[in-house]
Amino acid sequence: KQWYQRRVAITAGIDSIYQTGKTPFSALEPVLSRCTPQQLKVIEYRNPSLTKDTEHIWKLFVEREFHSKSLIGESWRAMYRDKVTETQAKLDRIKNSIGAAKSRKEKEVTTTKYMTSPMCHGARSNNPTRVFNKPKTGAGKAPLMKSSLQDLQKHRYRR
C-alpha cells in the first residue's frame, strides 16, 4: 500500500522528477511507463543511467503511435525520434502544399478577368471586348480606370 501511494504521488508529479539517484528501476518503471515521450526524454536526459532500461517503454510508444512492431535502426528510442521527425516532415510538406494551393487559388481569383463587351451597345472596335482585373478585396464590380471609362464611352457613342 505504501509503494502504491508513492507511485500515485510520483505519477502526479512526473514533470518534477529531476534525479532518480540510486532508486532501482523496478521502482521507477511503473511511473516511467505512464510518462509521455517528451517527459521520458527529459528524465533520461537528467538520468542517463536509465536509458539502457527504458527501451521497452520506447517500444510501446512506437507501437502505440506509429503501429510498428519491428525495430528499424539501432534502438526503439532512435526509431521513435526518426518516426517523429519523418511525420513532422510529412506534415510540413502537406502544410506547404496546402498553402501553395491556397495561394494559387487566391491568385486565380484575383487574376480572373471580367469581360465587358461594348459590342452590346452597338459599338464597333478592333478589340470587341475590354478586359478588367477583378479587385483583390471586396465584392462587386471591377474598378474602371478613367481612361478605360472614356474608351467605353467612345465605343458606346460611336455609330
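Take the sequence shown: its position 104, counted from the start at 1, is 225 in the numbering used here, and no numbers get skipped. From the three backbone atoms N, C-alpha and C, an ideal C-beta is built for every residue, glycine too.
Residue i CB to nearest heavy atom of the ligand MN below 7 Å
| i | result |
| --- | --- |
| Y166 | Judged by which ligands are present, the structure shown has none, so any question about the ligand MN falls away. |
Pair within 8 Å by beta-carbon distance, residue i and residue j
| i | j | result |
| --- | --- | --- |
| E176 | S196 | yes |
| Y201 | R167 | no |
| I178 | S147 | no |
| L149 | T157 | no |
| K204 | F187 | yes |
Cutoff 6 Å; reference residue i; Cβ partners in own chain excluding five residues on either side
| i | result |
| --- | --- |
| C241 | Confidence at C241 is low in this model, with a pLDDT of 49, below 50, so its placement is unreliable and the value that follows should be read with caution. So no residue of the chain qualifies. |
| S189 | V183 |
| S284 | Given a span of 122 to 280 for the chain in the structure shown, any question on residue 284 remains unanswerable. |
| D174 | F146 |
| V163 | none |
Residue i: first and last residue of the uninterrupted alpha helix (DSSP H) it sits in
| i | result |
| --- | --- |
| Y139 | Looking at the DSSP string, Y139 is not in any alpha helix (DSSP H), and its letter there is neither H nor E. |
| H177 | E176 to F187 |
| R167 | P158 to R167 |
| L153 | F146 to L153 |
Sequence-distant residues of its chain with Cβ nearer than 7 Å to residue i (five each side left out)
| i | result |
| --- | --- |
| Q160 | I135 and D136 |
| R214 | none |
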